[in-house]
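Accompanying notes for the structure given below.
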Amino acid sequence: MVEDGGEEEAEGESGEMPAAAAVPPLQRCNGFLPGKEAEDGGPTAPAGGGERAAAAEAEAMLPASGGRVETRLSRRRLAVLAVFSCYSLVNAFQWIQYSILSNVFAGFYSVSFTQIDWLSMVYMVAYVPLILPATWLLDARGLRLTALLGAGLNGLGAWLKCASLAPDRYPLTLAAQAVCAVAQVFILGLPSRIASVWFGPTEVSTACAVAVLGNQLGTAIGFLLPPVLVPNTPNDIDLMAHNISIMFYGTAMVSTLLFFLTGVVFEEKPKYPPSHSQAVLQTMPPEDYSYKQSIINLFKNIPFVLLLISYGIMTGAFYSVSTLLNQMIVTHYEGEEVNAGRIGLTLVVAGMVGSIICGLWLDYTKTYKQTTLIVYILSFIGLLVFTFTLDLGYLIIVFVTGGVLGFFMTGYLPLGFEFAVEITYPESEGTSSGLLNASAQIFGIVFTLVQGKLTTDYSPRAGNLFLCAWIFVGIILTALIKSDLRRHNVNSGIMNLDVKAVPVDSPVEPESTTLKIQSAL
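Numbering-wise, the sequence shown is residues 1 to 521 according to my numbering.
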């Protein structure tokens with residue numbers, strides 16, 4: 001196991017920042033019980049009480065002993081990120097492995113295409129009712145337990161699929177996919193939490209992008225491998241079952257290995273906080289925290305509500321396109337199941353590149369709203385081009401337009417996570433990310449059902465134009481979001497944020513209290 005050793009202190013920069021500058025005072029509670037500051041009968045600080053009172057409030061958020069908080073980067077953070085990305089990859093692979101072979105599995109289990117689509121949509125259906133309990137568990141029991149649940153359920157679902165290798169066992173494979181869907185609930189909300197808890201302010205957006213990248217890479221492999229491992233052999237069901245078994249057993253063994261690696265690598269948090277904003281959150285009294293109040297505060301945050309809807313539209317559209325891609329391609333290019341998978345691979349790999357570029361750009365510029373809006377507009381243009389070139393009869397054009405669409409549409413995913421964390425700080429990253437994903441699942445279910453119906457009854461163009469109309473609505477909503485970068489302001493020492501979370505009668509250090517900053521690489 002990689003430990004936070006003394007050698008980590010030998011590198012990096014060190015400096016000091018006044019506590020009042022690093023930990024700004026606030027006027028309202030964010031995720032903490034209103035009125036908690038006066039529970040012992042002490043008076044609250046009046047509005048406009050002066051600079052001294054403001055500084056006292058800020059300093060009260062620091063530890064009572066010493067008044068100094070060290071921040072360092074742990075080497076373990078890279079191992080945590082790598083293991084999470086890998087088991088998130090396997091979960092995404094299991095999501096798409098049926099849809100990209102919809103005609104194969106429909107023939108194998110003797111069911112309709114709609115029933116095969118439900119093997120994808122069960123991921124979306126399971127997420128919506130379970131996300132609030134899952135985010136509560138993340139806040140109450142922590143990162144390690146949540147990660148173990150996600151990896152463990154992922155492996156359990158994979159092994160159950162191995163028992164469904166018979167044409168009359170569709171209900172069992174659906175149940176196994178439902179278990180994987182529950183695992184997803186404990187996975188999708190973690191990228192921004194892992195990035196915030198383990199990574200410094202100059203790498204947090206890139207780390208979030210890499211964590212999301214694992215899920216995208218799983219989707220990419222899910223587009224590529226299943227058509228190769230399970231060719232369509234409708235006249236030889238035994239051979240088809242054998243080929244499916246190779247895919248199922250391989251997935252189960254990898255999932256099991258990753259579960260054990262999660263137990264070895266994951267820890268709740270590093271020994272030292274990696275940033276000023278994390279240092280602030282770790283000094284907040286946990287007994288004052290209210291999960292219910294946090295949810296209420298998020299829904300009172302108008303910029304977050306606008307982002308919640310716009311993120312749901314974009315990501316739901318991506319889920320729908322991914323689920324129905326095989327049907328869209330084989331409608332115009334009969335017998336091209338393998339190339340349909342390759343087009344899906346192109347779409348997601350291009351999106352992975354877009355995710356990394358966007359993450360690096362955000363870490364460098366902090367232009368969250370501008371970048372999000374531009375990517376949204378370019379995704380709209382990309383989907384229009386894809387829609388009107390799909391039936392031209394040239395697969396190479398579909399590859400190119402699919403790649404452009406994926407670069408922007410998939411590249412948007414980590415942008416939404418990080419933008420949400422910025423405008424909702426100091427609320428839990430897991431809660432904001434969970435609500436974003438719940439919105440995406442709801443829109444994904446509706447979009448998949450409606451687009452699938454339009455594709456079957458009319459044409460793929462009708463279904464894609466339906467998505468274009470909704471993405472245009474998302475552009476308008478994104479343009480209305482007010483960009484209030486709270487986390488960035490705390491890390492920069494700007495004193496206009498609302499992060500008060502402790503009683504005013506907490507012990508206060510002298511005004512000279514400082515934060516000692518040590519960022520060891």
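The beta-carbon is built from N, C-alpha and C at its ideal position, and this holds for glycine as well.
Keep in mind the model is a prediction, meaning the values are calculated, not measured.
Given residue i as reference, the closest of the options once Cα atoms are compared
| i | options | result |
| --- | --- | --- |
| residue 163 | 247, 200, 84 and 226 | 247 |
| residue 208 | 323, 464, 110 and 84 | 84 |
| residue 144 | 218, 330 and 198 | 198 |
| residue 362 | 333, 418 and 344 | 418 |
| residue 244 | 98, 343 and 392 | 98 |
| residue 215 | 481, 464, 461 and 414 | 414 |
| residue 441 | 120, 482, 330 and 150 | 120 |
| residue 94 | 221, 212, 191 and 195 | 221 |
| residue 334 | 393, 383 and 357 | 393 |
| residue 269 | 150, 450 and 139 | 139 |
| residue 177 | 105, 453, 212 and 123 | 123 |
| residue 406 | 211, 320, 369 and 435 | 320 |
| residue 301 | 424, 109, 356 and 452 | 424 |
| residue 241 | 294, 166, 296 and 412 | 166 |
| residue 254 | 279, 280, 274 and 218 | 218 |
| residue 324 | 464, 471 and 75 | 464 |
| residue 236 | 430, 129 and 104 | 104 |
| residue 404 | 431, 109, 355 and 416 | 355 |
| residue 449 | 125, 349 and 92 | 125 |
| residue 411 | 297, 211, 466 and 72 | 211 |
| residue 231 | 298, 337 and 180 | 337 |
| residue 196 | 433, 470 and 367 | 433 |
| residue 375 | 483, 408, 114 and 238 | 408 |
| residue 108 | 233, 117 and 135 | 233 |
| residue 102 | 92, 91, 115 and 351 | 115 |
| residue 322 | 453, 299, 348 and 303 | 348 |
| residue 256 | 100, 387 and 153 | 153 |
Start and end residues, alpha helix (DSSP H) containing residue i
| i | result |
| --- | --- |
| residue 344 | 337-365 |
| residue 222 | 204-229 |
| residue 113 | 113-141 |
| residue 256 | 237-265 |
| residue 103 | 102-109 |
| residue 193 | 190-198 |
| residue 394 | Where residue 394 is concerned, there is no enclosing alpha helix (DSSP H), given that its DSSP letter is neither H nor E. |
| residue 177 | 170-185 |
| residue 480 | Note, residue 480: premise wrong, no alpha helix (DSSP H); not H, not E. |
| residue 416 | 412-424 |
| residue 274 | From DSSP, residue 274 is part of no alpha helix (DSSP H); its letter is neither H nor E. |
| residue 72 | Run containing residue 72: none; DSSP gives neither H nor E here. |
| residue 326 | 302-332 |
Cβ of residue i within 7 Å of any chain B Cβ
| i | result |
| --- | --- |
| residue 334 | The chain labelled as chain B is not found in the depicted structure, where only one protein chain is given. |
(Q) Counting beta carbon pairs with one atom in the stretch 70-85 and one in the stretch 248-265, are three or more of them shorter than 8 Å? (A) Yes, the stretch 248-265 is in contact with the stretch 70-85.
Q. Does the stretch 389-403 come close enough to the stretch 151-162 that 3 or more CB-CB pairs lie under 8 Å?
A. Cβ pair count under 8 Å is below three, so no.
(Q) When you compare the stretch 253-262 with the stretch 169-177, are there three or more beta-carbon pairs, one atom per stretch, that lie closer than 8 Å? (A) Judged by Cβ distances under 8 Å, the stretch 253-262 makes no contact with the stretch 169-177, as fewer than three pairs qualify.
(Q) Check whether the stretch 423-441 and the stretch 311-329 touch, using three or more Cβ-Cβ pairs below 8 Å as the test. (A) Contact check between the stretch 423-441 and the stretch 311-329: three or more CB pairs, one atom from each, fall below 8 Å, which counts as touching.
Q) Can you find at least 3 beta carbon pairs, one from the stretch 316-329 and one from the stretch 453-465, that sit closer than 8 Å? A) Cβ pair count under 8 Å is three or more, so yes.
Q: Say whether the stretch 444-454 touches the stretch 336-356, bearing in mind that this needs 3 or more beta-carbon pairs closer than 8 Å, one atom from each stretch.
A: No: fewer than three Cβ pairs fall under 8 Å.
Q.
Quick check: the stretch 471-486 against the stretch 368-382, are at least 3 beta-carbon pairs closer than 8 Å?
A. With the cut-off at 8 Å, the stretch 368-382 and the stretch 471-486 touch.
Q) Would you say the stretch 186-201 touches the stretch 216-235, given that touching needs at least three Cβ pairs under 8 Å? A) These segments do not touch.
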